[in-house]
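Peer 1:
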Amino acid sequence: MARSVGFIGLGAMGEPMAWNLADAGFDLVVYNRTTERERPFAEAGISVADSPEHLVKRVDVVCLMVSDGDAVTEVLEREFGVLDGIDESTTLIQMSTVGRDETMAAATAVTDAGGQFLDCPVSGTVGPAREGTLVGLAGGDDAVIDDVDPVLEAMCDPVVRCGEVGQGTSMKLFINLLLGDLMGAFAEALTFGVSTDLAIEDMLTVVENGAVDSPLFTAKGQQISEGDYDPRFPVDYQFKDLDLALDLASDERVPMSVTAAARELFSGARADDHGDEDMAAVIKYLAETADVDPSASDE
Ligand SMILES: NC(=O)c1ccc[n+]([C@@H]2O[C@H](COP(=O)([O-])OP(=O)(O)OC[C@H]3O[C@@H](n4cnc5c(N)ncnc54)[C@H](OP(=O)(O)O)[C@@H]3O)[C@@H](O)[C@H]2O)c1
Numbered sequence: 482m483a484r485s486v487g488f489i490g491l492g493a494m495g496e497p498m499a500w501n502l503a504d505a506g507f508d509l510v511v512y513n514r515t516t517e518r519e520r521p522f523a524e525a526g527i528s529v530a531d532s533p534e535h536l537v538k539r540v541d542v543v544c545l546m547v548s549d550g551d552a553v554t555e556v557l558e559r560e561f562g563v564l565d566g567i568d569e570s571t572t573l574i575q576m577s578t579v580g581r582d583e584t585m586a587a588a589t590a591v592t593d594a595g596g597q598f599l600d601c602p603v604s605g606t607v608g609p610a611r612e613g614t615l616v617g618l619a620g621g622d623d624a625v626i627d628d629v630d631p632v633l634e635a636m637c638d639p640v641v642r643c644g645e646v647g648q649g650t651s652m653k654l655f656i657n658l659l660l661g662d663l664m665g666a667f668a669e670a671l672t673f674g675v676s677t678d679l680a681i682e683d684m685l686t687v688v689e690n691g692a693v694d695s696p697l698f699t700a701k702g703q704q705i706s707e708g709d710y711d712p713r714f715p716v717d718y719q720f721k722d723l724d725l726a727l728d729l730a731s732d733e734r735v736p737m738s739v740t741a742a743a744r745e746l747f748s749g750a751r752a753d754d755h756g757d758e759d760m761a762a763v764i765k766y767l768a769e770t771a772d773v774d775p776s777a778s779d780e
């Protein structure tokens, strides 16, 4: 019999991840706070639970992919929440990007209720989520990871074992602080170039043929030159992750001057109403301040 898996949080990332579990043949049950997002699953004959508690009671493995730490706490602790449904047969895989303290608090709540807990946030955005090629960043006991490995592998390739519970979260904050720092530096350099009348296409050609070439700069450079800021990974979430990394760095007494500057860039972009746009829109904040247009330098 196919193993039963529950998925909570059918947002931009969770929706394609849940479809990959269905395609892999798991006996899937889904839940989303806004029921509209459950409809395509119901129409495909996939079970829909009317609360997190209801979902957890019907499955062995629960994947959680919601927006932030407050959302994780609410899904766990609300009336008819995850904690109401957990018993010793439940393994909860917390995949949302949250803070290290938030991960440890969720782990304690789940294990106190009798279940097993893994943190496995993911690196990669909506495209890899659709293709099942997210990089899974797993933190927890090897035996627990081994037990749910087929579930993780339906969504992720590779799955990197980062250490004990909490280390998946640390790895996620490591990669996303690097992402935010690089995006901030790229946006700043492009704004500087546009202000000195360099053409964006020429700047991108120079980047792509030099030592700083990267998939990030290629993808975001193309978006910026086309003025395409549809969210793959929004400014609000990049800001959240820089903020979480700085919190953890502060606890660890690690100076993070580059990341602190990047955080302020993303903070400015949010204040300028670009929070829902793709992270590349951080350049809009800089370009508006410098009074240049990064998508129009070739005119
Ligand atoms: N987008 C990316 O490229 C990307 C990449 C890697 C990691 N991540 C991380 O993955 C997580 C999800 O990202 P996403 O892009 O899928 O976000 P999203 O599209 O904004 O979806 C957020 C999901 O969380 C649910 N949610 C929010 N607050 C809730 C609450 N209080 N109770 C119950 N459900 C709640 C939403 O439900 P409703 O439908 O009811 O609003 C929705 O299902 C975030 O932590 C993000 O940082 C994102």
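The opening residue of the sequence shown carries number 482 in our numbering; numbering runs sequentially from there.
C-beta atoms are modelled at their ideal positions from N, C-alpha and C, and glycine is treated no differently.
1) CB residue 661 to CB residue 747, shorter than 9 Å?
2) Determine which residues share a DSSP beta bridge with residue 759 and list them.
3) With a threshold of 8 Å, establish whether the CB of residue 694 neighbours any heavy atom of ligand 1.
4) Flag this pair as yes or no: are the beta carbons of residue 702 and residue 685 separated by less than 9 Å?
5) Go ahead and pull the three-state DSSP assignment for residue 780.
6) How far does the alpha helix (DSSP H) with residue 520 in it extend, from its first residue to its last?
7) Could you tell me the boundaries of the alpha helix (DSSP H) in which residue 742 lies?
8) Helix, strand or coil for residue 616? Go by DSSP, reduced to three states.
9) Which term fits residue 589, buried or exposed, when burial requires 16 or more other beta carbons within 10 angstroms of its beta carbon?
10) Would you be able to state if there are at least three C-beta pairs under 8 Å between the stretch 492-499 and the stretch 508-528?
11) With hydrogens ignored, establish whether the beta-carbon of residue 581 is closer than 8 Å to any heavy atom of ligand 1.
12) Can you give, in chain order, each stretch of the alpha helix (DSSP H) that sits fully within the stretch 664-718 and has at least 4 residues?
13) Nearest to residue 505 by alpha carbon, out of 645, 613, 543, 708?
14) Going by DSSP, name the residue or residues bridged to residue 767.
15) Counting pairs of beta carbons, one from the stretch 583-598 and one from the stretch 752-771, are three or more of them closer than 8 Å?
16) Near residue 705, what residues of its chain come up, given a Cβ to Cβ distance below 6 Å and the 5 sequence neighbours on each side ignored?
17) So, residue 512 versus residue 530, is the Cβ gap smaller than 9 Å?
18) Could you give the first and the last residue of the continuous alpha helix (DSSP H) run that contains residue 633?
19) Closer than 7 Å by C-beta to residue 780: which residues in its own chain qualify, once you throw out the five before and the five after it? Chain order, please.
20) Could you tell me which residues DSSP pairs with residue 545 in its beta bridges?
21) Give the single residue among 608, 606, 574 whose Cα lies nearest to the Cα of residue 598.
22) I'd like the list of long-range same chain contacts for residue 486, defined as Cβ closer than 8 Å, with 5 residues on each side in sequence excluded.
23) Where does the unbroken alpha helix (DSSP H) through residue 551 begin, and where does it stop?
24) Roughly how many angstroms separate the alpha carbons of residue 638 and residue 626, rounded to a whole number?
25) One question on the structure: do residue 726 and residue 658 come within less than 9 Å of each other, judged by their Cβ atoms?
26) Between the C-alpha atoms of residue 778 and residue 623, what's the straight-line distance to the nearest angstrom?
27) Whose C-beta lies closer than 7 Å to the C-beta of residue 611 among residues of the same chain, with five residues either side of it excluded?
28) Return the chain-ordered list of same chain residues with a C-beta closer than 7 Å to the C-beta of residue 689, the five sequence neighbours on each side being excluded.
Peer 2: On the basis of the coordinates in this document:
1) For this step, residue 661 is matched to residue 180 along the sequence shown. For this step, residue 747 is matched to residue 266 along the sequence shown. Yes. Within cutoff.
2) Within the sequence shown, residue 759 is the residue found at index 278, counting from 1. Bridge partners of residue 759: 715.
3) Taking the sequence shown and counting its residues from 1, one reaches residue 694 at position 213. Because no heavy atom of ligand 1 lies under 8 Å away, the Cβ of residue 694 does not count as near it: no.
4) Numbered from 1 along the sequence shown, position 221 holds the residue referred to as residue 702. Numbered from 1 along the sequence shown, position 204 holds the residue referred to as residue 685. Contact flag set, yes.
5) Mapped onto the sequence shown, residue 780 falls at position 299. Its pLDDT being 45, under 50, residue 780 is placed unreliably in this model, and the coordinates cannot settle the point.
6) As a first step, residue 520 is located in the sequence shown; it is residue number 39 there, counting from the start. Looking at the DSSP string, the run of the alpha helix (DSSP H) that includes residue 520 is 520-524.
7) Along the sequence shown, one-based indexing puts residue 742 at 261. Element bounds for residue 742: 738-752.
8) If you number the sequence shown from 1, residue 616 lands on position 135. If DSSP states are grouped into helix, strand and coil, residue 616 belongs with the strands.
9) Against the sequence shown, residue 589 aligns to sequence position 108. Classification of residue 589: exposed, given that the 10 Å Cβ count is below 16.
10) yes
11) Within the sequence shown, residue 581 is the residue found at index 100, counting from 1. No, the beta carbon of residue 581 sits no closer than 8 Å to any heavy atom of ligand 1.
12) 681-689, 696-707
13) For this step, residue 505 is matched to residue 24 along the sequence shown. The shortest C-alpha separation from residue 505 is found at 613.
14) The residue you call residue 767 lines up with position 286 of the sequence shown. Bridge partners of residue 767: none, in fact.
15) no
16) In the sequence shown, counting from the first residue as 1, residue 705 sits at position 224. Excluding residues within five positions, the ones whose Cβ falls inside 6 Å are 761, 764, 775.
17) Within the sequence shown, residue 512 is the residue found at index 31, counting from 1. Within the sequence shown, residue 530 is the residue found at index 49, counting from 1. Yes, the Cβ-Cβ distance between residue 512 and residue 530 is below 9 Å.
18) Taking the first residue of the sequence shown as position 1, residue 633 is located at position 152. It spans 623-636 - the alpha helix (DSSP H) in which residue 633 sits, taken as one unbroken run.
19) Stepping through the sequence shown from its first residue, residue 780 is reached at position 299. Annotation note: pLDDT 45 at residue 780 (below 50); position unreliable, coordinate value reported separately. Once the five neighbours on either side are set aside, residue 780 has no close Cβ partner at all.
20) Here the question's residue 545 lines up with position 64 in the sequence shown. For residue 545, which the question treats as bridged, DSSP gives the partners 489, 575.
21) Here residue 598 refers to the residue found at position 117 of the sequence shown. If we check each option's Cα against that of residue 598, 574 comes out closest.
22) In the sequence shown, the residue the question calls residue 486 occupies position 5. Cβ within range, chain order: 502, 507, 508, 509, 510, 540, 541, 542, 543, 544, 632.
23) Position 70 of the sequence shown, counted from the first residue, corresponds to residue 551. Residues 550-558.
24) Within the sequence shown, numbered from 1, the residue matching residue 638 stands at position 157. Within the sequence shown, numbered from 1, the residue matching residue 626 stands at position 145. Residue 638 and residue 626: Cα-Cα distance of roughly 14 Å.
25) Here residue 726 refers to the residue found at position 245 of the sequence shown. Here residue 658 refers to the residue found at position 177 of the sequence shown. In contact: residue 726 and residue 658 (Cβ atoms closer than 9 Å).
26) Here the question's residue 778 lines up with position 297 in the sequence shown. Here the question's residue 623 lines up with position 142 in the sequence shown. Below a pLDDT of 50, predicted positions are generally treated as unreliable, and residue 778, at 48, falls in that range; the measurement from the model is reported next regardless. Computed Cα separation, rounded: 53 Å.
27) Counting from one through the sequence shown, the residue named residue 611 turns up at place 130. Cβ neighbours of residue 611 beyond the five flanking positions: 497.
28) Working through the sequence shown from its first residue, we reach residue 689 at position 208. 699, listed in sequence order.
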